[in-house]
Each structure stands twice: as structure tokens, then as C-alpha cells.
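> Each residue of the sequence shown is one higher than the last, beginning at 528 in our numbering. Backbone N, C-alpha and C define an ideal beta-carbon position, used for all residues, glycine too.
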Amino acid sequence: MKQRSLARNRLRRLSWLRFVLQLATVAGVYLGVSVAVPFAFLVASGGDAQNFVMTNPMLLSSAVLSMLAALIVARAWLASDGCLRHAWSIRPPINPRRTLGLAALGLGGIVALFGLGGMAIDALDLPKVDISMITDLATAGPVSFALWIVLVAWFAAGFGEELLYRGFLMDRLMRLRGMRGAKWPAAIIQAAIFGLAHLYQGLGGVLVTATVGLFLAWLRIANRGNLWACILAHAAVDTLMLSLAYSESLGWLS
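#1: Can you look up L538 in the DSSP assignment and give me helix, strand or coil?
#2: Name the two residues that bound the continuous alpha helix (DSSP H) containing R564.
#3: Using 8 angstroms for Cβ pairs, my map puts V564 next to M585. What's the rounded Cβ distance?
#4: If you drop the 5 nearest sequence neighbours on each side, which residues of the same chain put their C-beta closer than 7 angstroms to that of A744?
#5: From H761 to V562, what distance separates their C-alpha atoms?
#6: Once the 5 residues before and after I617 are set aside, which same chain residues still bring their CB inside 6 angstroms of it?
#7: Since T766 is in the alpha helix (DSSP H), which residue starts that stretch and which ends it?
#8: Would you kindly work out how many angstroms separate the C-alpha atoms of F579 and A551, rounded to a whole number?
#9: Using the rule of at least 16 other Cβ atoms within 10 Å of the residue's Cβ for burial, across every protein chain shown, is R539 buried or exposed?
#10: Which residues does DSSP list as the beta-bridge partners of L703?
#11: Can you name, in chain order, every residue of its own chain whose Cβ lies under 8 angstroms from the Cβ of L771, other than the five neighbours on each side?
#12: From which residue to which residue does the alpha helix (DSSP H) around M585 run?
#13: Among G559, R707, V764, P654, which one has its Cα closest to the Cα of F546?
#14: Under 8 angstroms, with one C-beta from each stretch per pair, do the stretch 724 to 737 and the stretch 635 to 648 reach the 3-pair mark?
#15: On the CB-based measure, 16 or more other CB atoms within 10 Å of its CB, does M594 come out buried or exposed?
#16: Give the range of the alpha helix (DSSP H) segment to which S616 is assigned.
#17: Rounded to whole angstroms, what is the Cα-Cα separation between D657 and V764?
#18: Among T666, T736, N750, which residue has its Cα nearest to the Cα of S774?
#19: With burial defined as no fewer than 16 other Cβ atoms inside 10 Å of the residue's Cβ, what is the status of R612: buried or exposed?
#20: Just to confirm my understanding: we take S589, look at its own chain, exclude 5 residues before and 5 after, and list those with CB closer than 7 angstroms. What are they?
#21: Output the boundary residues of the alpha helix (DSSP H) element that contains F641.
#22: Out of A606, L767, G636, which has the shortest C-alpha to C-alpha gap to V677?
#23: Does DSSP put A744 in a helix, a strand or coil?
#24: Rank L741, V638, T662 by C-alpha distance to the C-alpha of E689 and give the top, closest one.
#25: Can you tell me whether A630 is buried or exposed, with buried defined as 16 or more other CB within 10 angstroms of its CB?
#26: So, for L746: in the same chain, excluding its five sequence neighbours on each side, which residues have a beta-carbon less than 7 angstroms away from its beta-carbon?
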């Protein structure tokens, strides 16, 4: 009981108004840059919206710059509240073997959740998750594939999304009045928001991604708050998926 009390005391309270302001600015910056980058490419191409097509440079720039902008704003909020090190616990892990083991467990767990999610989508007769536009661009050639692995799988998704959702958002939720120190309610709420952020994948994609978000929250809790197991597992899964898509595009897999 004493240890739990001490843990709760380390979590400075956050008002709901300040939380909404922080969440709105981070999300607003992310969405704003996500829209501004394609618009800039449209203007540069002559402004012909009817013949405008998605390109690798545009999508990569949008993914990287929007995530970078959101991380900068999130970091500013965390630093102003004196919570940066607690929320973004990316110090070298005390037990590297445990972290790598949890990352491997995370990789296997997420792959299993994707498989189960696919079966659930079929059973519920929901539209299949379609990310072919992304995989088509990512597998257009070896340079495109390498850029998507580094910039998207590892930076924007693996590193960026874990800092934002399992880092910034979970920390903010656990400091709210009435939720202070409540890990699992915070984990569930951030998972729901994480799923909704993938609405472009359809309802099935939202449900599967939310489940993965909850699993990644457990992974952070299991690793005593350190984010490296989450980062490595997330990046590894995206790398695996892109690698399978690239192998299929080369005819190595049917």
C-alpha cells in the first residue's frame, strides 16, 4: 500500500482542461502538417487537383514531418509539466535481456493479434483491411523499400507512435483527476484513440489496431515503464509486414 501511494504521489495531477488543450494541440499539429505537405506538393505540381496522384516523396514527407511536429509539441508539454523523463522513458534498459525478450514476445503477440483480427473481421463480415496503396508505394523499388523501413517503420511508427501513444498519451491520462495512477483505464483509452487514428483502414482496422495498442500498453507496463520493448516490437512488426509485401512484389512469395 505504501509503495502504491508513493507511486501515485510521483504522478503530478493534470487538469482535464490542460489535458484537452495538450491533446488538441498535438493532434492539431499532426493533422495540420499531414494536410499541409500534400497541399505543398499539389501547388508545386501546378495545382491540378484532378490529375494529382500520391507519390512516395509526398507520403514519406507527410509521415515524417507530421510525426516530427507532433513529437516536438508533445515534448514541449511534457517538459513544461516536468514529466518528460517519466513519460518518455527511453533510457538504456536496466535489464537488456528482459527488454529484448519482451520485444520478441511483443512481435509474436502482435502477429498473432493480426491473425486473430483477420479471422474476426471475416466472422463479423466486415470489409477487409486494405493498405495496398501504402504497400504498392513502399514496394515500388529497393530505394522506396529502404526509405519506408527507416522513415516509417522505425521512425514514424516504431519510435514516433510509441512516444506519442504509450508515452505522452498514457502519461497524460494517468495524471488526470480521478484517474491518477490508474494504468489500465489509461491503457484502454489510449488504445481506443490509437485505433481511431487508423480509421483509414476501416472499422476492422480500427478494432485490430486498438487491440494492438492495448497489448503494447501492457508491454510498457511489463517493462516497468521503459518504452524500448514497445518501440522494438512495433518497428519489427512493421518491418516484417513491409518485407513480406516486398518479397511478394518480387515473386518470392505467392
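Quick look at the numbers:
#1: Taking the sequence shown and counting its residues from 1, the one referred to as residue 538 is at position 11. In the three-state scheme derived from DSSP, where H, G and I count as helix and E and B as strand, L538 is classed as coil.
#2: The count along the sequence shown starts at 1 and reaches residue 564 at position 37. Note that residue 564 is Val in the sequence shown here, rather than Arg. Where V564 is concerned, the enclosing alpha helix (DSSP H) starts and stops at 543 to 571.
#3: Your numbering for residue 564 matches position 37 in the sequence shown. Your numbering for residue 585 matches position 58 in the sequence shown. Indeed, because the Cβ distance is near 7 angstroms, the residues count as touching under 8 angstroms.
#4: Residue mapping note: residue 744 aligns to position 217 of the sequence shown, counting from 1. Closer than 7 angstroms at the Cβ level, and outside the excluded window around A744, lie R693, M697, A714, Q717, A718.
#5: Here the question's residue 761 lines up with position 234 in the sequence shown. Here the question's residue 562 lines up with position 35 in the sequence shown. Taking the straight line joining both Cα atoms gives about 25 angstroms.
#6: Locating residue 617 in the sequence shown gives position 90, where the first residue counts as 1. Excluding positions up to five away in sequence, the list reads L754.
#7: Here the question's residue 766 lines up with position 239 in the sequence shown. Per DSSP, the unbroken alpha helix (DSSP H) holding T766 starts and ends at 755 to 776.
#8: Numbered from 1 along the sequence shown, position 52 holds the residue referred to as residue 579. Numbered from 1 along the sequence shown, position 24 holds the residue referred to as residue 551. F579 and A551 have their C-alpha atoms spaced approximately 30 angstroms apart.
#9: In the sequence shown, residue 539 corresponds to position 12, counting from 1. Looking at its Cβ environment, which holds fewer than 16 other Cβ atoms inside 10 Å, R539 is exposed.
#10: Position 176 of the sequence shown, counting from 1, holds the residue named residue 703. According to DSSP, L703 bridges with L541.
#11: Against the sequence shown, residue 771 aligns to sequence position 244. Counting only residues of its own chain and dropping the five nearest sequence neighbours on each side, L771 has a CB closer than 8 angstroms to the CB of L780.
#12: Indexing the sequence shown from 1 puts residue 585 at position 58. For M585, the uninterrupted alpha helix (DSSP H) segment begins and ends at 583 to 607.
#13: Sequence index remark: in the sequence shown, residue 546 carries index 19 (1-based). Closest in C-alpha terms to F546, from the list G559, R707, V764, P654, comes R707.
#14: Pairwise C-beta distances place the stretch 724 to 737 in contact with the stretch 635 to 648, as three or more of them are shorter than 8 angstroms.
#15: One-based indexing of the sequence shown puts residue 594 at position 67. M594 should be labelled buried.
#16: Mapped onto the sequence shown, residue 616 falls at position 89. Per DSSP, S616 lies in no alpha helix (DSSP H) and is assigned neither H nor E.
#17: Start at 1 with the first residue of the sequence shown, and residue 657 comes out as number 130. Start at 1 with the first residue of the sequence shown, and residue 764 comes out as number 237. D657 and V764 have their alpha carbons spaced roughly 17 angstroms apart.
#18: For the purposes of this step, residue 774 is identified with residue 247 of the sequence shown, where counting begins at 1. Relative to the Cα of S774, the nearest Cα in the group T666, T736, N750 belongs to T666.
#19: Taking the sequence shown and counting its residues from 1, the one referred to as residue 612 is at position 85. Around the C-beta of R612, fewer than 16 other C-beta atoms lie within 10 Å, and the residue is accordingly described as exposed.
#20: Working through the sequence shown from its first residue, we reach residue 589 at position 62. Its chain contains S561, V564, P565 as the residues whose beta carbon lies nearer than 7 angstroms to that of S589, once the 5 sequence neighbours on both sides are disregarded; these appear in chain order.
#21: Along the sequence shown, read from residue 1 onward, the residue named residue 641 stands at position 114. Element bounds for F641: 623 to 650.
#22: If you number the sequence shown from 1, residue 677 lands on position 150. For the options A606, L767, G636, the alpha carbon positioned closest to that of V677 is the one of L767.
#23: The sequence position of residue 744 within the sequence shown is 217, counting from 1. Helix at A744.
#24: Sequence index remark: in the sequence shown, residue 689 carries index 162 (1-based). Minimum Cα distance to E689 is reached at L741.
#25: Residue 630 sits at position 103 when you count from the first residue of the sequence shown. Classification for A630: buried.
#26: Mapped onto the sequence shown, residue 746 falls at position 219. Cβ neighbours of L746 beyond the five flanking positions: L629, G633, A756, C757, A760.
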